[in-house]
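Numbering that gives the first Met the number 0 puts the first residue of the sequence shown at 0, with every later residue one more than the last. Built from N, CA and C at the ideal position, the CB exists for glycine as well. For reference, the structure discussed in these notes is given below.
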Amino acid sequence: MLFLTVCAAPEALAADDGGPFEITKHPWGDTVNEGEDVMFVSRAKNYVGLVWLFVSPDGSTVYENEEALDAFPGLEMGGVETEELQLISVPYTMDGWYVQTCFFDADGGAHFTNRAQITVLQGLVPSPRVTMKSGGAKLSLGQTRTLAVEAVSPSGDTVKYQWYRSYSAARNSGEAILGATESSYTPPEELGQVFYSVGVWCVRGRDASAPIYTAPVAIVYTEPAATAEPEPAPVPTPVPTTPPNRGGANPLLSGGNPLFTAAAALLVLTLLAVSVTALVLHAVDKKQRARRHPVDEDPTDEE
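Quick look at the structure:
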């Protein structure tokens, strides 16, 4: 069948008592005024799960369960996991669509009910066609995000807007924001997660259409990350430096050069050794000359 590749078996919703599977009630088509509610009921024995399907008039498009919420702005649902499906605030765009139930047996087999068609009667003033043009965002303080919606009246009527704020993702659960009545809205900075949605309707004189509400989008503001204190820079260890070379002197002959110091010391020791050697040689030579030439006796002395 067409939907065997579309719907997937959910978690078990009914206990299997071991008997054969059987569909005991198929949903019936219904007619509803735009913006009103309608219920569809399907029954089966010994199924383990079910999925509600929304089928386009030509059968080319199929939505499962909550997928239809995004396809039909303003639509609300109840009981999507039960045998009784409630559609709330049905928009005119659902006119001609079908509702169908896919049951699953204990072996994973899929069984489809008959299709039930939805007929939606449009009021004196048709509801607008609404498209949300922006999504949610995660922002830091100092940043902004402008939310915008596009709406068109099928009959050229005046389009009205009202933005809502909520701390829950549930549809139609917010409070109206004073003064937020344009097609766009820039939320204020507010730490944490806040959901925003907009209701749109058409007005013709004293008459108004059923409102269409967009799905809530989340704006999350976070505080900027704390900046760590910088660690003090380490104090560098002083490095001995050679005195600057002044007056063009040769750095090799500088007193601060270790090679110069060693050479000077060696020169001093050499000169000292030479001096000592010279003195010793002079003394030895004098002594030897004294031995070779003794001093004559004085001729005036008596014998």
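Item                                                                                                   : Value
As assigned by DSSP and simplified to three states, the class of residue 91                            : helix
Same chain, Cβ closer than 7 Å to residue 206, five either side skipped, listed in chain order         : 123 and 124
Closest by C-alpha distance to residue 79, when choosing among 96, 102 and 57                          : 102
Cα-Cα separation between residue 190 and residue 143, rounded to whole angstroms                       : 13 Å
Identified DSSP bridge partners for residue 211                                                        : 199
Residue of 162, 43 and 134 minimising C-alpha distance to residue 104                                  : 43
C-beta contact flag for residue 52 and residue 99 at 8 Å                                               : yes
Residues that DSSP places opposite residue 29 in a beta bridge                                         : 117
Sequence-distant residues of its chain with Cβ nearer than 6 Å to residue 18 (five each side left out) : 45
Boundaries of the alpha helix (DSSP H) in which residue 68 is found, first to last residue             : 66-70
8 Å Cβ shell around residue 90 - same chain, five flanking residues per side excluded                  : 33, 34, 71, 72, 73, 74, 119, 126, 209 and 211
Cβ-Cβ distance between residue 215 and residue 147 below 8 Å                                           : no
Selected residue, minimal CA-CA separation from residue 186, among 261, 280, 109 and 164               : 164
Minimum C-alpha distance to residue 94 - residue among 172, 29, 265 and 266                            : 29
Helix, strand or coil at residue 260 according to DSSP, with G and I counted as helix                  : helix
Residue 49 versus residue 177: straight-line alpha-carbon distance, rounded                            : 43 Å
Close beta carbons around residue 180, own chain, < 8 Å, minus the five adjacent residues each side    : 159, 160, 161 and 162
Through-space distance from residue 66 to residue 2, alpha-carbon basis                                : Low local confidence applies: a pLDDT of 45 at residue 2 is under 50, so the model's placement there is unreliable, with the coordinate-based value given in what follows. The straight-line gap from Cα to Cα measures roughly 15 Å.
Residue span of the beta strand (DSSP E) that contains residue 149, given as start and end             : 146-151
Bridge-paired residues (DSSP) for residue 136                                                          : 218
Supposed close pair residue 112, residue 56 - CB separation, criterion 8 Å                             : The Cβ separation is near 18 Å, so there is no contact.
Strand pairing of residue 77, partner residues [DSSP]                                                  : 85
Proximity to residue 198 [Cα-Cα], best of 222, 114, 279 and 172                                        : 172
Between the CA atoms of residue 273 and residue 287 - distance to the nearest angstrom                 : 21 Å
Contact belief for residue 166 with residue 193 at Cβ below 8 Å, rounded distance in angstroms         : 6 Å
Proximity to residue 58 [Cα-Cα], best of 201, 283 and 96                                               : 96
Residue 121 versus 278, 76, 284 and 31, residue with shortest Cα-Cα distance                           : 31
DSSP bridge partner residues for residue 192 (one or two, in chain order)                              : 219
As assigned by DSSP and simplified to three states, the class of residue 278                           : helix
Whole-angstrom distance between residue 61 and residue 139, CA atom to CA atom                         : 39 Å
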